[in-house]
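*Asks:* The structure follows.
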Amino acid sequence: MTSPPPVLGVRDLGFAYRRGPAVLSDVSFEVTAGRGLALVGESGAGKTTLVRLMLGLLRPRTGQVLLDGLPLRGRMRALRHAVQPVFQDPYSSLDPRLRVDRIVGEPLRSLGVARGAAATAMVEEALRSVGLPADAARRYPHEFSGGQRQRIAIARAIAASPRVLLADEPVSALDTATRVRLLDLLAELRESRRLTVVLVSHDLAVVAALCEETVVLDRGRVVERGATAEVLGSPRHPCTRRLVAAAPRLPRALNPP
Amino acid sequence: MSLLEAGNLTVRTADGRELLRDLSFRLARGDRLGLIGESGAGKSLTVLAIVGLLPAGMTASGRVLLDGEPILGAPEWVLNTVRGRRVAVVFQDPLAALDPLMRVGAQVAEPLRRHRGLRGAAARRAALEALTEVRLGDPERIARSYPHEISGGQRQRVAMAMALACEPSFLIADEPTAALDGTVQAEMLALLERLVAARGMGLLFVGHDLAVVARVSRRILVLERGRAVEEGEVGDVLRAPSHPHTRDLVSAARRLHGALERMLP
Numbered sequence: 635m636t637s638p639p640p641v642l643g644v645r646d647l648g649f650a651y652r653r654g655p656a657v658l659s660d661v662s663f664e665v666t667a668g669r670g671l672a673l674v675g676e677s678g679a680g681k682t683t684l685v686r687l688m689l690g691l692l693r694p695r696t697g698q699v700l701l702d703g704l705p706l707r708g709r710m711r712a713l714r715h716a717v718q719p720v721f722q723d724p725y726s727s728l729d730p731r732l733r734v735d736r737i738v739g740e741p742l743r744s745l746g747v748a749r750g751a752a753a754t755a756m757v758e759e760a761l762r763s764v765g766l767p768a769d770a771a772r773r774y775p776h777e778f779s780g781g782q783r784q785r786i787a788i789a790r791a792i793a794a795s796p797r798v799l800l801a802d803e804p805v806s807a808l809d810t811a812t813r814v815r816l817l818d819l820l821a822e823l824r825e826s827r828r829l830t831v832v833l834v835s836h837d838l839a840v841v842a843a844l845c846e847e848t849v850v851l852d853r854g855r856v857v858e859r860g861a862t863a864e865v866l867g868s869p870r871h872p873c874t875r876r877l878v879a880a881a882p883r884l885p886r887a888l889n890p891p
Numbered sequence: 477m478s479l480l481e482a483g484n485l486t487v488r489t490a491d492g493r494e495l496l497r498d499l500s501f502r503l504a505r506g507d508r509l510g511l512i513g514e515s516g517a518g519k520s521l522t523v524l525a526i527v528g529l530l531p532a533g534m535t536a537s538g539r540v541l542l543d544g545e546p547i548l549g550a551p552e553w554v555l556n557t558v559r560g561r562r563v564a565v566v567f568q569d570p571l572a573a574l575d576p577l578m579r580v581g582a583q584v585a586e587p588l589r590r591h592r593g594l595r596g597a598a599a600r601r602a603a604l605e606a607l608t609e610v611r612l613g614d615p616e617r618i619a620r621s622y623p624h625e626i627s628g629g630q631r632q633r634v635a636m637a638m639a640l641a642c643e644p645s646f647l648i649a650d651e652p653t654a655a656l657d658g659t660v661q662a663e664m665l666a667l668l669e670r671l672v673a674a675r676g677m678g679l680l681f682v683g684h685d686l687a688v689v690a691r692v693s694r695r696i697l698v699l700e701r702g703r704a705v706e707e708g709e710v711g712d713v714l715r716a717p718s719h720p721h722t723r724d725l726v727s728a729a730r731r732l733h734g735a736l737e738r739m740l741p
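As given, the protein sequences belong to chains A and B, one line each in that order. Here the numbering used here = 1-based position in the first sequence + 634. Here the numbering used here = 1-based position in the second sequence + 476.
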């Protein structure tokens, strides 16, 4: 029996903004269903550009993005069904003029997944899975805290039951306790909904908590990749070493013996 | 005498709600105090109350003494000689502290002009020195740049250069590295530690990340919903937190860092 193709991948990907220098060169990796993958790197490494390419918002200069092993071009609907994003800033990523049920139900409408009572039920179920009360549906984003807004963004992302959650720094705007609760939520959704998490982050604590695989980007190139425990535990490339050395650590007194 | 002393500092909204209640602490020259708490605990409000920059409608009561001199409720002209000159603040978002229409060099020179009366070439030279001291590579180019032309990490260094230009005795850093990525954050914290130690300044470091706050502080003060719930030496508080809220903060941080700590040597 052959194993299914990786759910998402990029092959020999290269990109440059108009008349600019190369932002990404020869980037290749695969996302295996069920194995969370983290993209890490310093500011300017090309992480956000890579996310835009994987969401089909930018077109690669060279190489391609693969969905289920096939080139992405012309398959945007399939991509939206399979991959949904969660962005960093819970204050700007939700339309303030829309009620929460409209926001969360948007992918259901635009993808033609469900309408009417069926859609309402799916929105309620998505809100329940992220731990928000049912009456959240009738309220507006400004009535919620940063952590709750990020839950709304996650509810929106999972409403149409995608296979992959592509999260760009999903918790970095939140304080520690809220971060921990959201990481717990993401870990739980991964299990209960068989979601594969692709995480972009510079926070190695979050990477270690959520992802089995790690890809390290440095100035637009993949410099190291493999199992997260391996890459972070015994970093080989200088860039990875820098990232690991810079990670804020708790004083020894706090570490479990 | 303490460098800074806050006594029963209370902040109320116009309709009388108390956002900060009876906060008291002291900070000596060379001391480093970390103020930690969750979003909404009153950390930034404490900072704004100390420097007299509370939003309209909020009022502060109690006392704040700088070198024994009361500054809470002092007239604006007194506060203007305090802010930037004796007390400097670095905020989380450096863009908010920088004028987008003004070259960086001119902005760093501005407090030097206002507080130290430097003009022309002397002001330019002092501004370049300030930019060099925060370890900005090619300070001449940075001085000629506008804020949008430099990176986030460079902007935060510029904000720090501005804050330190007049050699204040007391520095307040309000989540100065929260918006920066890992390596830039580590560099900024190292720079902050070095400058505070070299100049013997007092430091009030505000943050929500225990790993970051514990790194730069000697003592920490834990805030919960506008009240101080615990204060002590960093090591003591972290080893044996006595208040339930501190215990929650410590266990959340331990959980957040747990997976990474198990992987790292």
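We treat Cβ as the ideally placed atom computed from N, Cα and C, and that holds for glycine.
Strictly below 7 angstroms CB to CB, what residues from chain A border threonine 659 (chain B)?
*Replies:* Going along chain A in sequence order, the residues near threonine 659 (chain B) (Cβ under 7 angstroms) are Glu676, Arg876, Leu877 and Ala880.
*Asks:* Grab the span of the beta strand (DSSP E) containing proline 719 (chain A) for me, first residue to last.
*Replies:* Note, proline 719 (chain A): beta strand (DSSP E), 717-720.
*Asks:* Given a cut-off of 8 angstroms, decide if glycine 629 (chain B) and leucine 656 (chain B) are closer than it, judged by their beta-carbon atoms.
*Replies:* Yes. Within cutoff.
*Asks:* Report the option in A:Gly867, A:Thr874, A:Leu642 and A:Pro885 whose CA atom is closest to the CA atom of alanine 735 (chain B).
*Replies:* Of A:Gly867, A:Thr874, A:Leu642 and A:Pro885, the residue nearest in Cα terms is A:Gly867.
*Asks:* Would a check of beta-carbon distances place aspartate 809 (chain A) closer than 8 angstroms to chain B?
*Replies:* By this cut-off, aspartate 809 (chain A) is an interface position.
*Asks:* Tell me whether the beta-carbon of valine 665 (chain A) lies closer than 8 angstroms to the beta-carbon of glycine 697 (chain A).
*Replies:* Not a contact, by the Cβ cut-off of 8 angstroms.
*Asks:* Got a sec? Which residues, its chain only, sit under 8 angstroms from glycine 708 (chain B) by beta carbon, not counting five neighbours each side?
*Replies:* So the list reads Arg695 and Ile696, once near-sequence residues are dropped.
*Asks:* Would you identify the three-state DSSP class for glutamine 583 (chain B), choosing helix, strand or coil?
*Replies:* Glutamine 583 (chain B): helix per DSSP, three-state reduction.
*Asks:* Using DSSP with H/G/I as helix, E/B as strand and the rest coil, what is glycine 538 (chain B)?
*Replies:* In this structure, glycine 538 (chain B) counts as strand in the three-state DSSP scheme.
*Asks:* Over the uninterrupted beta strand (DSSP E) stretch that includes valine 674 (chain A), give me the two end residues.
*Replies:* Note, valine 674 (chain A): beta strand (DSSP E), 671-674.
*Asks:* Hey, how far is the Cα of proline 891 (chain A) from the Cα of arginine 738 (chain B)?
*Replies:* Since pLDDT at proline 891 (chain A) reaches only 45, below the 50 mark, its modelled position is unreliable, and no value is offered.
*Asks:* Below 9 angstroms between beta carbons is the criterion; list the residues of the region 831-847 of chain A that meet it against any residue of chain B, in chain order.
*Replies:* Of all residues in the region 831-847 of chain A, His836, Asp837, Leu838, Ala839, Val840, Val841, Ala842, Ala843 and Leu844 have a Cβ within less than 9 angstroms of some Cβ in chain B.
*Asks:* Between alanine 729 (chain B) and leucine 699 (chain B), is the Cβ-Cβ spacing less than 8 angstroms?
*Replies:* In this structure, leucine 699 (chain B) does not lie closer than 8 angstroms to alanine 729 (chain B) by Cβ.
*Asks:* Buried or exposed: where does alanine 843 (chain A) fall if 16 or more other Cβ atoms within 10 Å of its Cβ makes it buried?
*Replies:* It is buried - the Cβ of alanine 843 (chain A) has at least 16 other Cβ atoms within 10 Å.
*Asks:* Which two residues bound the contiguous beta strand (DSSP E) that contains serine 659 (chain A)?
*Replies:* 656-665 is the span of the beta strand (DSSP E), which, as asked, contains serine 659 (chain A).
*Asks:* Is there a Cβ from chain A that is less than 8 angstroms from the Cβ of arginine 691 (chain B)?
*Replies:* Yes, its Cβ sits closer than 8 angstroms to a Cβ of chain A.
*Asks:* Considering only the beta carbon of each residue, do threonine 486 (chain B) and glycine 538 (chain B) sit closer than 8 angstroms?
*Replies:* Their beta carbons are under 8 angstroms apart, which means threonine 486 (chain B) touches glycine 538 (chain B) by this criterion.
*Asks:* Do the region 835-852 of chain A and the region 661-680 of chain A touch if we need at least three Cβ pairs shorter than 8 angstroms?
*Replies:* Yes, the region 835-852 of chain A touches the region 661-680 of chain A.
*Asks:* Cα-Cα, which of A:Gln722, A:Cys845 and A:Leu658 is closest to glutamate 864 (chain A)?
*Replies:* Here the closest residue by C-alpha is A:Cys845.
*Asks:* Just curious, the alpha helix (DSSP H) that leucine 736 (chain B) is in, first and last residue?
*Replies:* Element bounds for leucine 736 (chain B): 720-739.
*Asks:* Anything in the region 709-734 of chain B with a Cβ closer than 8 angstroms to a Cβ of chain A? List those residues in chain order, please.
*Replies:* Listed in sequence order: Val710, Gly711, Leu714, Arg715, Asp724, Leu725, Val726, Ala728, Ala729, Arg730, Arg731, Leu732, His733 and Gly734.
*Asks:* Are there 16 or more other CB atoms within 10 angstroms of the CB of proline 720 (chain B), so buried, or fewer, so exposed?
*Replies:* With fewer than 16 other Cβ atoms within 10 Å, it is exposed.
*Asks:* Under 8 angstroms, Cβ to Cβ, is there at least one residue of chain A near glutamate 707 (chain B)?
*Replies:* Not one chain A Cβ lies under 8 angstroms of glutamate 707 (chain B).
*Asks:* Using a Cβ cut-off of 8 angstroms (strictly closer), state whether glutamine 722 (chain A) contacts chain B.
*Replies:* Chain B, which has no Cβ nearer than 8 angstroms to the Cβ of glutamine 722 (chain A), makes this no.
*Asks:* Are the C-beta atoms of arginine 797 (chain A) and some chain B residue less than 8 angstroms apart?
*Replies:* Closer than 8 angstroms: no.
*Asks:* Would glycine 683 (chain B) and glycine 510 (chain B) qualify as a contact pair, given that the criterion is a beta-carbon distance under 8 angstroms?
*Replies:* Yes. Within cutoff.
*Asks:* Report yes if the CB atom of glutamine 612 (chain A) is closer than 8 angstroms to the CB atom of leucine 816 (chain A), and no otherwise.
*Replies:* This structure cannot speak to residue 612 (chain A), because chain A is shown only from 635 to 891.
*Asks:* How is valine 699 (chain A) classed by DSSP in three states: helix, strand or coil?
*Replies:* Of the three classes helix, strand and coil, the one that applies to valine 699 (chain A) here is strand, per DSSP.
*Asks:* Between the Cα of leucine 542 (chain B) and the Cα atoms of B:Met534, B:Gly702, B:Glu651 and B:Gly528, which residue gives the shortest distance?
*Replies:* Checking every option, the nearest Cα to that of leucine 542 (chain B) belongs to B:Gly528.
*Asks:* Any beta carbon of chain B sitting closer than 8 angstroms to that of arginine 785 (chain A)?
*Replies:* Not an interface residue.
*Asks:* Restricting to Cα atoms, I'd like to know which of B:Leu571, B:Val566, B:Thr522 and B:Gly533 is closest to leucine 548 (chain B).
*Replies:* Ranking the options by Cα distance to leucine 548 (chain B), first place goes to B:Thr522.
*Asks:* Do the region 625-644 of chain B and the region 565-583 of chain B meet, that is, are 3 or more Cβ pairs less than 8 angstroms apart?
*Replies:* A contact exists between the region 625-644 of chain B and the region 565-583 of chain B.
*Asks:* According to DSSP, is leucine 509 (chain B) part of a helix, a strand, or is it coil?
*Replies:* Strand at leucine 509 (chain B).
*Asks:* Could you please give the first and the last residue of the uninterrupted alpha helix (DSSP H) stretch that includes aspartate 818 (chain A)?
*Replies:* Counting along the chain, the alpha helix (DSSP H) containing aspartate 818 (chain A) begins and ends at 810-826.
*Asks:* Answer yes or no: do arginine 731 (chain B) and valine 685 (chain A) have a C-beta to C-beta separation smaller than 8 angstroms?
*Replies:* For arginine 731 (chain B) and valine 685 (chain A), no; Cβs fall outside 8 angstroms.
*Asks:* Consult DSSP for threonine 862 (chain A) and reduce its assignment to one of helix, strand or coil.
*Replies:* In the structure shown, threonine 862 (chain A) sits in a helix (DSSP, three-state: H, G or I).
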